Structure formats: C-alpha cells, structure tokens
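First to last, the sequence lines map onto chains A and B.
Quick note: this note's numbering has the first sequence finishing at residue 336, numbered continuously throughout.
Quick note: this note's numbering has the second sequence finishing at residue 779, numbered continuously throughout.
Idealized CB from N, CA, C, for every residue including glycine.
These numbers come from a predicted model, not from an experiment.
The structure appears right after this line, and notes come after that.
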Amino acid sequence: MNKLLTVSPSPHEYSRESTKKLMYGVVIALVPAFLATIWFFGWAAIIVTSVSVVSCIVFEFLIQKFILRKKPDVSDGSAIVTGLLLAFCLPTNLHPGLVVLGALVAIGIGKMTFGGLGNNPFNPALVGRVFLFLSFPVQMTTWPVPKGFKTSFTDAITGATPLSVLNENYDKIAIDKLMADPELAMPDYQQLFWGNTGGSLGEIAAFALILGLVYMLVRKIITWHIPLTILLTVTVFTGTLWLANPAANADPLYHLMTGGLLLGAIFMATDYVTSPMSRKGMIVYGIGIGIITVLIRRFGAYPEGVQFAILIMNAFTPLINTYMKPSRFGEEIKNG
Amino acid sequence: MLKTFPKGGVHPPENKISAGIPIEILPLPGQVIIPVCQHLGAPAEPVVDKGDEVKAGQVIAHSKGFVSANIHSSVSGKVLKIDKMLDASGYKQTSIVINVEGDEWLDSVDRSNKLIKDVSLTGEEIIKKCAENGIVGMGGATFPSHVKLSIPPGKKCDVLIINGVECEPYLTSDHRLMLEKTEELLTGTTLLMKALGVSRALIGIENNKKDAIKKLESLAREYEGISIHPLKVKYPQGAEKQLIKALINREVPSGGLPVDVGTVVHNVGTAYAVYEAIQKNKPLVERVVTISGKDMDKPLNLLTRIGTPLSKLIEHAGGLPDNTAKVVNGGPMMGKALGSLEIPVTKGTSGIIIFSEEESRRKETGPCIRCTKCISICPMGLEPYLLMTLTEKELYDRSEKERIMDCMECGSCSFTCPANRPLLDYIRLGKANVGRIIRERKQ
Numbered sequence: 001m002n003k004l005l006t007v008s009p010s011p012h013e014y015s016r017e018s019t020k021k022l023m024y025g026v027v028i029a030l031v032p033a034f035l036a037t038i039w040f041f042g043w044a045a046i047i048v049t050s051v052s053v054v055s056c057i058v059f060e061f062l063i064q065k066f067i068l069r070k071k072p073d074v075s076d077g078s079a080i081v082t083g084l085l086l087a088f089c090l091p092t093n094l095h096p097g098l099v100v101l102g103a104l105v106a107i108g109i110g111k112m113t114f115g116g117l118g119n120n121p122f123n124p125a126l127v128g129r130v131f132l133f134l135s136f137p138v139q140m141t142t143w144p145v146p147k148g149f150k151t152s153f154t155d156a157i158t159g160a161t162p163l164s165v166l167n168e169n170y171d172k173i174a175i176d177k178l179m180a181d182p183e184l185a186m187p188d189y190q191q192l193f194w195g196n197t198g199g200s201l202g203e204i205a206a207f208a209l210i211l212g213l214v215y216m217l218v219r220k221i222i223t224w225h226i227p228l229t230i231l232l233t234v235t236v237f238t239g240t241l242w243l244a245n246p247a248a249n250a251d252p253l254y255h256l257m258t259g260g261l262l263l264g265a266i267f268m269a270t271d272y273v274t275s276p277m278s279r280k281g282m283i284v285y286g287i288g289i290g291i292i293t294v295l296i297r298r299f300g301a302y303p304e305g306v307q308f309a310i311l312i313m314n315a316f317t318p319l320i321n322t323y324m325k326p327s328r329f330g331e332e333i334k335n336g
Numbered sequence: 337m338l339k340t341f342p343k344g345g346v347h348p349p350e351n352k353i354s355a356g357i358p359i360e361i362l363p364l365p366g367q368v369i370i371p372v373c374q375h376l377g378a379p380a381e382p383v384v385d386k387g388d389e390v391k392a393g394q395v396i397a398h399s400k401g402f403v404s405a406n407i408h409s410s411v412s413g414k415v416l417k418i419d420k421m422l423d424a425s426g427y428k429q430t431s432i433v434i435n436v437e438g439d440e441w442l443d444s445v446d447r448s449n450k451l452i453k454d455v456s457l458t459g460e461e462i463i464k465k466c467a468e469n470g471i472v473g474m475g476g477a478t479f480p481s482h483v484k485l486s487i488p489p490g491k492k493c494d495v496l497i498i499n500g501v502e503c504e505p506y507l508t509s510d511h512r513l514m515l516e517k518t519e520e521l522l523t524g525t526t527l528l529m530k531a532l533g534v535s536r537a538l539i540g541i542e543n544n545k546k547d548a549i550k551k552l553e554s555l556a557r558e559y560e561g562i563s564i565h566p567l568k569v570k571y572p573q574g575a576e577k578q579l580i581k582a583l584i585n586r587e588v589p590s591g592g593l594p595v596d597v598g599t600v601v602h603n604v605g606t607a608y609a610v611y612e613a614i615q616k617n618k619p620l621v622e623r624v625v626t627i628s629g630k631d632m633d634k635p636l637n638l639l640t641r642i643g644t645p646l647s648k649l650i651e652h653a654g655g656l657p658d659n660t661a662k663v664v665n666g667g668p669m670m671g672k673a674l675g676s677l678e679i680p681v682t683k684g685t686s687g688i689i690i691f692s693e694e695e696s697r698r699k700e701t702g703p704c705i706r707c708t709k710c711i712s713i714c715p716m717g718l719e720p721y722l723l724m725t726l727t728e729k730e731l732y733d734r735s736e737k738e739r740i741m742d743c744m745e746c747g748s749c750s751f752t753c754p755a756n757r758p759l760l761d762y763i764r765l766g767k768a769n770v771g772r773i774i775r776e777r778k779q
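This is the structure:
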C-alpha cells in the first residue's frame, strides 16, 4: 500500500456531457431541415451548404494556426454549426464565391476576432449573413423556385418570398386579395408547413425545423424559454394587429410559418454564447426578438426582421445578464 | 409524484454496489489513532497521558466550550503517545494513539442487542447525555448534536427531520443502518423528538432504498408522530436546506439555520447513535463505514471502531486494486481525496470510495460556451460560471453580492459542465477570500 495517490478537490465524478456532444446535437437537429431543402432545391442546396461548412472549418483552422498561433482544434463542431446556419439563411442559387466570403466574415470577424468559441457577442452565422445581405442585396434576395434536383443554379427564373410580397403591398392592397392573386401564387399553410415555397435554403420547411426543436428539447440541448417566448410574442403582436385590421395585416399563423422566423427562433436565437444565462433573462430576450421582428416585418423597409432582431438582442445580452438573475434559494436575512 | 426539492440538482450514476451487503464487524486493529477534533468547533482537551491504561467507552479528551464534543476511547489498551497525526483534512491534528490490548469496556456500557424502547429521561437529560457521550452529526458535517438540540431563545422548532436520503453515489452505510437497526433508529428518533419537544418527525429517504422504506413504514406505525417520506432520487437532496424544502416546503434563509424555519435536521446515523447513548449508555466510539469502488474485490459495510486506520478497512475489503489512483473519504461528489491510507476513521467517516486511474482523470478544460447548465442545476440558484470568472479576476466584492457564500460546495456545477471547467475549484478559492474579507470587516 505504498502507492502514490491522486489528491484532487471534489467532485470526483463527472457527467458524460461535453461541448462536442452538444454541438453535434445541434448538427443532428439541423438534419431534417437539410433533407427537406435537398428535396426542394436539389444539388444547389448541397453545394451551398458544403461550401459554407467547409469554408467555416478551414477559416477557423487557419486563423487559429496562423493568427492566434495556437494548436488548431476544430473538432468541437462549433464551426460546423456556424457553417450550417450560415448556409441555411442564404438563397440556394448564391454564387459559391459569395458563400466563401460570408463564411470568412462569419468566422473571421463574427467569432475569431473576439477570441473564438465562447467569446463572441454576436451570432457568427448572422454576422456573415447580414454582411452579405447589406453588401450584395440583389444576389441575396433572388430566390429560385423550388424544383428539386431540377432546380437551376444560374437560371433567372426566381420567385419572390411571401414576406417580400407582403412587405411591398402592406397598406396598398388588401391581404385577402393578395392571397387570392393567381399571379403571385402565395403559398398556403400546407405549402409553408411542408416547405414548398421560395425562401432561404434552410428556412422553408416548417415541419423539419419543428422536428429539430423537439429533438433539442428532448436531448436537453436547449430549453423552451427562448424559442417559445419568441413565437408567442410574434403570435400575440401580429394577432393584435390582425384582429384590429384584418385587411391590412397577415394572420399570426402566416407570420409564424414564413420567412426565417422558425429557423431564427429555434436555431439562431438559442445560440448559447450570445443568449442570456438566466431563465428570466431568456424570456426578456425572447420578447425583445419577437417585438423587433414584427416591427421590422410590418413597418420597416425589410420584408424580414428576424436576423436584425436577434443581433440587436445579442447586443443587449450582457445587460440582461447583469439585471436578470436566477431566483436565489432562501431570502437574505436582514442585518444577518 | 414523489416529492423532491424544486430548484436545480443532478442525477449522477448511483453505483450503490454495496447496498445488498449486511453490516459486518471489522476485527479490532492493533492500534487506533483518535484525533481530539472530530467535530465542528473547538478541539477537545486530552485528559489521559502517555502510558495510561484506558477502557473502551472511557473519556480520553474533554470537550472545551459549548460547541465541542467529548472524545472517548474506542478500544481498551495503553496510550502510546499524544502527538500530531495526519487526518482526513490533510493537516496534522493532535491525536491520541492507543495500542489495543483485549476488548474491555466500561461497566456502565450495555453492549447487548436487547432493544429498549421505553424512554424515561426528560428532554434536558437527553441533551445532556448526548453531550456526555460525544454525539455529533454523522452525515459528514459532524456538528455537535447537543448544540443542535438546544433551541436558542426566541426560536421555535415544531418538526424534526431525520435525514435518510444518502444522495451521494456509492455510500450505503445509512441504508444498511435503516434496514438492520430499524427499531433502534425509530427509538432514537423518539428520543430526539422528546429532546426538542416536538410532536412530529419526518424521515426522508430517497426512493432507491425501497426495502428500507418498506421496513420503516411497517414499523413506524407503532411510534407516535413519526412518518416516512420516500423522495425522488436527486442530488444533493441530503443537504439540509434542500431536504427541508423537499419535505416541508420551507426555505432556510441565506446565512440562516434550519431552526430559523422551525425545524432541526438529524442524520439517521445520529439518531442511531443517540439511541445507543441514551438507552445503552454507549458513547460514540464506532460507526458504519462503506468501502466501495467499481473495481473493489468485495465492497463492504463495516462497523468500525473510531480511530481504525483506513488501510485496515481496505485490507479487509480485499485490498486496493492495481489500477487504484484515488481514495476518497466520503462520497464521490463531496468527499475528500486522501494522500495517505494511515488516516483514521472518525465520527464523520461515512465511506471510503476507491477510484481507478481512468475514473480519476480530469478531462481537458474548454472555454465556457454559456450553455447555462451550471445555472439550471445549482440548487442554491447561483451562477457558477460567473462566480468562477469573478474569482479569476479577483473581484471579491462582486462575488459577495452574487452570494458566493451561499454555495455549499455540492459539486453539481463541476459535475455538469460540458466544457469540464473547474467551477467549484474556483468558487472554493473565491469563498476563502470573501470569507476572509468578511471577517476582516467585522473586526
């Protein structure tokens, strides 16, 4: 019994959870949406997604090795998540060169300038997307009509998204007339649910995104607080507008299923690093995102506001963390 | 739905390997090392000298002050020396070393197995006898029981809680005690109720000890005011504040004691020790210790004399496996890793857990990804990630405001962290510094 013993502070037992497992959990949750988008956009979806993921990994590796000069390690899977999310909010026929540029901004400016994983104040994928959106507005708002593997990459046949049609016509044409117009071919609820509509790569199929949400909730990767608060806020806000004037406003269900709302609420706003820490804080953050989204959609210049709403609330996260504390156990004794 | 505490908590693998193994009596060692401070509070003062003959059950160190406890010899024999010896804290403490000769007990001690249920003493006499017999909390905190039983003026206690939770993985000593000494335990509980002057006692047990719950439930009917409460398995339910919240839904205020919400919590081991002290005149000189570990030859529950070196227990359980890297005194969540096996069993030793090299290795630490898991599992509603950062930056004023002193060091945060961050290590460092600052301020 003269063995040298390890002496370390407790606890001596650890859970099996790891950063890697959490990140790959998010990747798995994104698979249904990816499969749906392949069904609708074919090769185009595969090309944009792989270019985005590969460039994110490569840029993270290169920046770690040559700029931060540390042992490069991209195995944690966070670059894959950023790559997927960036691809998911790009149009399917975007030129691969622009995808690479977006990935460089997302990883380089959005993440690594702040010190890498865990330190970035803004969601890197959204930083990349907004950069492309503001720099290349035409390319970023040209969406191909979904035709599965027959979808053309360079073809000029592009369809508008339901949100852009709405945005152009608010307060001009009554909503029910818009919906009925055969030329506009606005998708109905069923099309929105299954994903047969124009839009960014990963945002089109509502059911696939909801599947991802259920998976992440069951695996306890995220909690319900952020996504459900956002969706509920949007429902209440658009519902109020709709009830007040149904002719000038789309109904809440239409708002929930169009654009990037589900993708944003489920996958972008729940990004660990850039969202608040306490449950109360998450609810405040979710309400903020919901309100800003609807304000931009209905009254702003852009048809979709989720990405800006999330980035704006990202900026508020440190403030929310300072004021929204978890409820402590046991009230404090005065003069104790 | 089983009751439990609502905020936080984790569920580490239970690993109650020795749950089905009856308590075995460990043969007497050749020598015992009895530290004079095995409790929270002032060390006791030795009243024997080198060369003195002592009997088992004899006082060998007298308590000093109110918050202190008597120390008794656990064996008969000759005092070899009184010296500074290593104890489980890792520091050297004054200890009385006795060479064992025979097994002679004081005549006043009743060592028979006969159950005595009738309670004849008054509450005050019970408290006095607890103090005389050196009874301390056997759950690990080792707070002198007579202090806990003396309700401070102005406070009221209306219910007694008996802690049979044993939420730490591996440990089974309380489980076996509840199963094998059920009536003694219930009588001990009656004694504690009388000492406190309460009419109600709740025994909380986690639902992974179904046999003990069943047995206690069937026997408790004969005891007035005692009820058995199965609890959902969740760590750290055995922590006083969490158990009180789970059983009677009262929240002990920050910096307060259970008596602030009208209750007192005693461990099942303590209740048994109280039974022996009052009904059998037997001081606290032995206790049940679990020896366990995934690679141990024969995990055991051993009735051990206080002062027995841990090496004797491990030998009895088949010796250390070849791959041993860590020996922990207590459970894996809150226990202390030991640097030597010649450390003695003390009043607070609930178990010895042996870990292999593989189990002992800490995984590489990654950056905090703010997943919020440490916040959601903290049973005190703290923000471990923040307390760690504040400690790293030495921002102690802010740590105090974030209630770092509320941390009871249950280890759930370090257990959960997916990035393997040493959260509790830093929080401990922070607590030490904040504690120092608070003390300096008071002076």
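Residues of the segment 267 to 287 of chain A that bring their beta carbon within less than 7 Å of a beta carbon in chain B comprise Y272, V273, M277, S278, in sequence order. Scanning its chain for C-beta atoms nearer than 6 Å, with the 5 sequence neighbours on each side dropped, one finds around B/K484 the residues V600, in chain order.
Proximity of the segment 557 to 576 of chain B to the segment 341 to 354 of chain B meets the contact definition, three or more beta-carbon pairs being nearer than 8 Å.
Residue state for B/S692 is assigned as strand, using DSSP reduced to three classes. Interface annotation for the segment 356 to 376 of chain B against chain A: empty, criterion Cβ-Cβ distance under 9 Å.
Here DSSP, grouped into helix, strand and coil, assigns B/M421 to strand. Shortest Cα-Cα distance from A/I289 to any of A/M324, A/I226, A/T322 involves A/I226.
For A/G202 and A/I57, the gap between their C-alpha atoms comes out near 19 Å. If you draw a straight line from the Cα of B/Y559 to the Cα of B/C749, it is about 40 Å long. When C-alpha distances from A/Y215 are compared across A/M23, A/A29, A/T6, the shortest belongs to A/A29. Assignment of B/V501 by DSSP, reduced to helix, strand and coil, places it in the coil class.
By the criterion of a C-beta distance shorter than 7 Å, A/S278 is surrounded in its chain by M324, K325, P326, once the five residues flanking it on both sides are discounted.
Rounded to the nearest whole angstrom, the C-alpha separation of B/G717 and B/G413 is 51 Å.
Uninterrupted beta strand (DSSP E) stretches at least 3 residues long and entirely within the segment 586 to 668 of chain B occur at 599 to 603, 622 to 628, 636 to 641, 660 to 665, given in chain order. DSSP links B/Q367 through a beta bridge to B/N435. The segment 615 to 628 of chain B makes contact with the segment 381 to 396 of chain B: 3 or more CB pairs, one atom from each, lie closer than 8 Å. It is roughly 12 Å from the alpha-carbon of B/E693 to the alpha-carbon of A/L4. Distance between B/I498 and B/H511, taken at the CA atoms: about 13 Å.
For the C-beta of B/D742, the chain A residues within less than 8 Å are, from N- to C-terminus, R328, F329, G330. Between B/G702 and B/N756 a beta carbon distance of about 7 Å is seen, short of the 8 Å cut, so the two are scored as contacting. Across the structure, A/I283 and A/T229 are spaced so that their CA atoms are roughly 6 Å apart. The segment 161 to 181 of chain A makes no contact with the segment 61 to 70 of chain A, as fewer than three CB pairs between them are under 8 Å. Spatial neighbours of B/T752 in its own chain (CB-CB distance under 8 Å, excluding positions within 5 residues in sequence) are listed in chain order as V346, K709, C710, I713.
Rounded to whole angstroms, the gap between the alpha carbons of B/V621 and B/R641 is 6 Å. Residue nearest to B/E519 within the set B/S554, B/S409, B/I462, B/A537 is B/S554 (criterion: CA-CA distance).
Straight across, the Cα-Cα distance linking B/P566 with B/V501 is about 9 Å. Spatial neighbours of A/V51 in its own chain (CB-CB distance under 7 Å, excluding positions within 5 residues in sequence) are listed in chain order as P96, V99, V100.
Per the DSSP secondary-structure output, B/L496 pairs in a beta bridge with B/A537, B/V600.
For A/T6, the closest Cβ of chain B is nearer than 8 Å. Here B/G413 carries a strand assignment [DSSP, helix/strand/coil]. Close partners of B/K662 in chain A (Cβ separation under 9 Å): L5, T6, V7, S8, H12.
Assignment of beta strand (DSSP E) within the segment 101 to 134 of chain A, counting only whole runs of 3 or more residues, yields no such run.
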